[in-house]
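The structure under discussion appears below in the form of structure tokens.
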Amino acid sequence: KSSVFSCMTAWLKADNFEGKRRFISEQQGLSFLASLCQEAAQDSSFNARLKTNVHRLLADLLVNDDGIFEEQPTFVREQYCSRPELLGALAAELGQADVRNLR
240 KSSVFSCMTA WLKADNFEGK RRFISEQQGL SFLASLCQEA AQDSSFNARL KTNVHRLLAD
300 LLVNDDGIFE EQPTFVREQY CSRPELLGAL AAELGQADVR NLR
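See the structure below:
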């Protein structure tokens, strides 16, 4: 599962805007990532490598939001900011982070 997600993340990263659009539109990618973030925050045995890749893809989509849907340059940010459960999960993970051991 982690390896497949890692490959998908590598394919979607950076300037693959067509891939990002398809992931979001056709595969309900934002909901998928939100559910993985929530699962990772609640499950202490969640695969660490998978969690890292989920966070990297989430960050990549947020950073590149302006170019994904040119007619809606804040689409990803608006979608994620309208999900209190996602924001709560991310806040919970930050609260549990070991800031002395950042990797």
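Count along the sequence shown from 1, then add 239; that gives the number in my numbering.
The beta-carbon is built from N, C-alpha and C at its ideal position, and this holds for glycine as well.
All values reported here derive from a predicted model rather than from experimental measurement.
- Tell me whether asparagine 292 is buried or exposed, calling it buried when 16 or more other Cβ atoms sit within 10 Å of its Cβ. If you number the sequence shown from 1, residue 292 lands on position 53. When all chains shown are included, asparagine 292 counts as buried.
- Query: In angstroms, rounded to a whole number, what distance separates the CA positions of glutamate 332 and alanine 280?
  - Reply: Indexing the sequence shown from 1 puts residue 332 at position 93. Indexing the sequence shown from 1 puts residue 280 at position 41. Taking the straight line from one Cα to the other gives about 6 Å.
- For arginine 322, does the three-state DSSP call read helix, strand or coil? Working through the sequence shown from its first residue, we reach residue 322 at position 83. Note: arginine 322 maps to coil in three-state DSSP.
- Decide if valine 287 is buried, meaning its Cβ has at least 16 other Cβ atoms within 10 Å, or exposed. Here residue 287 is taken as the residue at index 48 of the sequence shown, counted from 1. The amino acid at residue 287 is misidentified as valine; the sequence shows alanine. Exposed.
- Item | Where the alpha helix (DSSP H) containing arginine 260 begins and where it ends | Numbered from 1 along the sequence shown, position 21 holds the residue referred to as residue 260. Element bounds for arginine 260: 256-265.
- Message: Quick check: the Cα distance between isoleucine 307 and glycine 334, rounded to an integer number of angstroms?
- Response: Translated into positions along the sequence shown, residue 307 becomes position 68. Translated into positions along the sequence shown, residue 334 becomes position 95. Isoleucine 307 and glycine 334: Cα-Cα distance of roughly 30 Å.
- In the structure shown, what three-state DSSP assignment does valine 338 receive? Residue 338 sits at position 99 when you count from the first residue of the sequence shown. Looking at valine 338 - three-state DSSP - the assignment turns out to be coil, as it is neither helix nor strand.
- Query: Once you ignore the five residues that flank serine 241 on each side, which residues in its own chain have a CB closer than 6 Å to its CB?
  - Reply: Within the sequence shown, the letter at position 2 stands for residue 241. For serine 241, where only same-chain residues beyond five positions count, the Cβ hits under 6 Å are Asn286, Arg288 and Leu289.
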